[in-house]
Amino acid sequence: MLLWLYVLIAGVLASEAFLRLPLLSTIQKVSATAKKSGAVLTSKRISDHWKERVLPRYSLVIGKGSVLFFLMLCLALLPVALLGLIYPGGLSAWAEALMRPLVILVLCVVSIGYIVVRSKVGGGAATTSSDYSATDRFLHRLALGPLAEMLHDIERARFLKSSPEDGGRHVFVTGLARAGTTILMREIHRTGAFGSLTYADMPFVLAPNLWARISRKGQKPGVRAERAHGDGIEVDTQSPEALDEVYWRVFDGGSYIAADGLSPYAPEEDKIDGYRDLMRLVMRRTGAGRYVSKNNNNILRLPALAKAMPGAVFLVPLRRPLDHAESLLAQHKRFLEADAFTQDYMTWLGHHEFGATHRPFLFEGRPAGDPMTLDYWLTVWLAAYRALDTAEAGAENVLFVPYEALSADPAVWHAVAERIGVTPAAAAELRPITSKPAGPHDASLAAEAEALHRKLSARGFAALGLTG
Numbered sequence: 085m086l087l088w089l090y091v092l093i094a095g096v097l098a099s100e101a102f103l104r105l106p107l108l109s110t111i112q113k114v115s116a117t118a119k120k121s122g123a124v125l126t127s128k129r130i131s132d133h134w135k136e137r138v139l140p141r142y143s144l145v146i147g148k149g150s151v152l153f154f155l156m157l158c159l160a161l162l163p164v165a166l167l168g169l170i171y172p173g174g175l176s177a178w179a180e181a182l183m184r185p186l187v188i189l190v191l192c193v194v195s196i197g198y199i200v201v202r203s204k205v206g207g208g209a210a211t212t213s214s215d216y217s218a219t220d221r222f223l224h225r226l227a228l229g230p231l232a233e234m235l236h237d238i239e240r241a242r243f244l245k246s247s248p249e250d251g252g253r254h255v256f257v258t259g260l261a262r263a264g265t266t267i268l269m270r271e272i273h274r275t276g277a278f279g280s281l282t283y284a285d286m287p288f289v290l291a292p293n294l295w296a297r298i299s300r301k302g303q304k305p306g307v308r309a310e311r312a313h314g315d316g317i318e319v320d321t322q323s324p325e326a327l328d329e330v331y332w333r334v335f336d337g338g339s340y341i342a343a344d345g346l347s348p349y350a351p352e353e354d355k356i357d358g359y360r361d362l363m364r365l366v367m368r369r370t371g372a373g374r375y376v377s378k379n380n381n382n383i384l385r386l387p388a389l390a391k392a393m394p395g396a397v398f399l400v401p402l403r404r405p406l407d408h409a410e411s412l413l414a415q416h417k418r419f420l421e422a423d424a425f426t427q428d429y430m431t432w433l434g435h436h437e438f439g440a441t442h443r444p445f446l447f448e449g450r451p452a453g454d455p456m457t458l459d460y461w462l463t464v465w466l467a468a469y470r471a472l473d474t475a476e477a478g479a480e481n482v483l484f485v486p487y488e489a490l491s492a493d494p495a496v497w498h499a500v501a502e503r504i505g506v507t508p509a510a511a512a513e514l515r516p517i518t519s520k521p522a523g524p525h526d527a528s529l530a531a532e533a534e535a536l537h538r539k540l541s542a543r544g545f546a547a548l549g550l551t552g
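Heads up, the sequence shown is in this note's numbering, so the first residue is 85 and it goes up one at a time.
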């Protein structure tokens with residue numbers, strides 16, 4: 085019993101030290117400088133003379149930052165080590181106790197729990213353009229960064245055996261951002277037949293059951309507020325959201341995420357099996373027998389997922405190209421103004437669709453042009469939906485859903501519900517949408533996109549048993 089009292093004290097001391105010392109900001113500065121060094125070193129546009137001048141400076145920043153981080157880490161852990169001076173058996177017995185797997189697990193849980201409590205009582209609140217306190221930000225950096233894989237391993241070991249078997253009848257909503265993917269996923273989730281990751285699972289999205297034991301965030305919806313996109317969609321803690329991309333970033337990020345963009349790829353079988361396990365864990369937490377996900381990045385791996393999960397349905401909302409491109413451009417401009425934490429937050433979630441952290445999908449190489457123009461986003465649209473054209477043609481469980489028709493005609497929503505095997509209620513958020521005059525753009529590029537849109541829409545209506 086005495087050991088666990090010491091572990092409790094150690095967890096509190098370590099957490100408080102981590103909260104008060106600029107550990108994460110220091111290592112982030114080192115990481116950012118290292119990335120700059122790599123970019124300068126490999127750039128063909130920077131002269132060797134300039135490289136010789138700037139690289140030693142970068143090296144000095146990295147060296148100083150690394151030493152500072154090490155010293156602060158030692159300082160943060162010093163109180164934990166000093167507990168050994170008063171621990172029965174002395175320092176050696178305390179060190180041996182700290183190496184036990186169960187003690188490590190309890191120490192992690194205590195530390196996380198303490199940070200959560202600190203965030204609730206407002207300790208370390210910061211005045212920023214984001215709604216997160218300094219403690220919340222620290223928790224997000226830990227949970228979506230260095231602790232993500234370890235926490236998922238603990239979650240699997242503790243809860244996977246008691247999770248429901250994978251029945252396979254899941255629904256995945258995917259497509260370019262701003263296509264209507266969120267609204268469609270929310271309508272499907274509202275039927276009550278599906279479990280999904282929600283805002284209540286943040287930031288421990290890879291350990292939903294473990295987090296549910298610690299936090300009370302998901303027990304009641306909380307206050308509804310408009311999400312960061314400024315598009316009128318209101319969310320609370322029980323709202324489903326595109327969060328499972330964290331799994332792919334953590335366990336398979338090297339296969340598709342690069343500095344210049346995100347590449348299409350086929351995940352290995354073990355990665356897909358791991359994804360199935362995450363779905364089972366979410367179903368365990370939610371008590372549902374089926375899983376629904378909205379993940380725009382799934383278009384990168386759609387052929388492989390559709391083949392590996394033949395019992396699932398993959399819905400691809402299809403929006404008019406000019407309207408879609410206008411919306412993407414507007415969001416890109418909006419997120420260019422995001423603060424540093426919001427940029428980090430979107431990167432942790434694996435979302436690079438627009439804004440300061442924009443990295444395009446590389447279906448046909450990096451899109452040409454300026455992201456501040458409509459033509460750039462039309463080019464992005466064409467590359468993505470050409471790839472989706474091929475993916476849909478090669479898989480019976482992938483189908484296009486014309487979004488304008490879905491929004492205006494209840495028969496389309498009913499057809500979608502029938503296709504995924506649920507009884508539809510009246511749609512709560514689907515509303516008719518109107519086109520706005522498009523800004524300056526290449527008419528031939530728009531015509532090419534419109535032609536592809538007509539072709540894919542016809543296929544979507546046919547797959548749903550409707551006429552366009």
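We put the beta carbon where it would ideally sit given N, CA and C, even for glycine.
Taking its Cβ as the centre, do 16 or more other Cβ atoms sit within 10 Å of residue 459, making it buried, or is it exposed? As a working mapping, residue 459 is identified with position 375 in the sequence shown. So residue 459 counts as buried.
(request) For residue 502, count neighbouring C-beta atoms within 10 Å of its own C-beta (all shown protein chains included) and say buried if the count is 16 or more, exposed if not. (result) Counting from 1 along the sequence shown, the entry for residue 502 is found at position 418. Burial call: exposed.
query: Any idea if residue 518 is buried or exposed, counting beta-carbon neighbours within 10 angstroms, 16 or more meaning buried?
result: Residue 518 sits at position 434 when you count from the first residue of the sequence shown. Under this definition residue 518 is an exposed residue.
> Can you tell me the Cα-Cα spacing of residue 323 and residue 149, whole angstroms?
Replying inline: Start at 1 with the first residue of the sequence shown, and residue 323 comes out as number 239. Start at 1 with the first residue of the sequence shown, and residue 149 comes out as number 65. The alpha-carbon atoms of residue 323 and residue 149 are separated by roughly 40 Å.
request  = Rounded to whole angstroms, what's the CA-CA distance from residue 550 to residue 540? Just pull it up for me.
outcome  = As a working mapping, residue 550 is identified with position 466 in the sequence shown. As a working mapping, residue 540 is identified with position 456 in the sequence shown. Distance between the alpha carbons of residue 550 and residue 540: 13 Å.
Below 8 Å, can you find three or more Cβ-Cβ pairs linking the region 231 to 239 to the region 378 to 388?
no
Check your understanding: Using a Cβ-Cβ cut-off of 8 Å (strictly less than) and excluding sequence neighbours within five positions of residue 495, which residues of its own chain qualify?
Key -> Counted from its first residue, the sequence shown places residue 495 at position 411. Only 550 meet the Cβ criterion.
Review point. Around the C-beta of residue 351, are 16 or more other C-beta atoms found within 10 angstroms, so that it is buried, or is it exposed?
Key: On the sequence shown, position 267 is the one that residue 351 refers to. By the 10 Å Cβ count, residue 351 comes out buried.
**OP:** To the nearest angstrom, report how far apart residue 105 and residue 443 are at their CA atoms.
**Re:** For the purposes of this step, residue 105 is taken as residue 21 along the sequence shown, with counting starting at 1. For the purposes of this step, residue 443 is taken as residue 359 along the sequence shown, with counting starting at 1. If you take the alpha carbons of residue 105 and residue 443, they lie about 32 Å apart.
Item to complete: Give the single residue among 186, 428, 465 whose Cα lies nearest to the Cα of residue 445.
Response: For the purposes of this step, residue 445 is identified with residue 361 of the sequence shown, where counting begins at 1. The candidate whose alpha carbon is nearest that of residue 445 is 465.
Discussion item. Given this structure, state the Cα-to-Cα distance separating residue 195 from residue 155, to the nearest angstrom.
Written reply: Position 111 of the sequence shown holds residue 195. Position 71 of the sequence shown holds residue 155. Distance between the alpha carbons of residue 195 and residue 155: 21 Å.
> Near residue 461, what residues of its chain come up, given a Cβ to Cβ distance below 6 Å and the 5 sequence neighbours on each side ignored?
Replying inline: On the sequence shown, residue 461 is found 377 positions in, with the first residue counted as 1. Cβ neighbours of residue 461 beyond the five flanking positions: 409, 412, 413.
Q. When we look at the beta-carbon of residue 280 and count the other beta-carbons within 10 Å, is it buried (16 or more) or exposed?
A. Here residue 280 is taken as the residue at index 196 of the sequence shown, counted from 1. With 16 or more other Cβ atoms within 10 Å, it is buried.
Write down the C-beta distance between residue 250 and residue 404 rounded to the nearest angstrom, noting that I regard them as a contact closer than 8 Å.
Translated into the one-based positions of the sequence shown, residue 250 becomes position 166. Translated into the one-based positions of the sequence shown, residue 404 becomes position 320. Your pair residue 250 and residue 404 does not check out as a contact, with CB atoms roughly 36 Å apart and the cut at 8 Å.
TODO: Ignore the nearest five residues each way along the sequence and tell me which others in residue 97's own chain have a CB closer than 7 Å to its CB.
DONE: Your numbering for residue 97 matches position 13 in the sequence shown. Closer than 7 Å at the Cβ level, and outside the excluded window around residue 97, lie 163, 164.
Using the Cα positions of residue 94 and residue 431, report the straight-line distance between them to the nearest angstrom.
-> Numbered from 1 along the sequence shown, position 10 holds the residue referred to as residue 94. Numbered from 1 along the sequence shown, position 347 holds the residue referred to as residue 431. So the alpha carbons of these two residues sit roughly 32 Å apart.
**Asked** What's the gap between the Cα of residue 173 and the Cα of residue 158?
**Response** In the sequence shown, residue 173 corresponds to position 89, counting from 1. In the sequence shown, residue 158 corresponds to position 74, counting from 1. Residue 173 and residue 158 have their alpha carbons spaced roughly 23 Å apart.
Practice prompt. Compare the Cα-Cα distances from residue 287 to each of 278, 135, 326 and report the closest residue.
Written response: Here residue 287 refers to the residue found at position 203 of the sequence shown. Comparing Cα-Cα distances from residue 287 to each of 278, 135, 326, the minimum goes to 326.
Worksheet item: Can you find a C-beta in chain D that's less than 8 Å from the C-beta of residue 427?
Response: This model lacks chain D altogether; it includes just one protein chain.
Point to revise | Own chain residues within Cβ distance below 8 Å of residue 473, not counting five before or after | key: Here residue 473 refers to the residue found at position 389 of the sequence shown. So the list reads 536, 539, 540, once near-sequence residues are dropped.
Is the number of C-beta pairs between the region 260 to 280 and the region 502 to 514 that are closer than 8 Å three or more? Contact holds: three or more Cβ-Cβ distances are below 8 Å.
Exercise for the section: Rounded to whole angstroms, what's the CA-CA distance from residue 528 to residue 296? Just pull it up for me. Expected result: Within the sequence shown, residue 528 is the residue found at index 444, counting from 1. Within the sequence shown, residue 296 is the residue found at index 212, counting from 1. Rounded to whole angstroms, residue 528 to residue 296 spans 52 Å at the Cα level.
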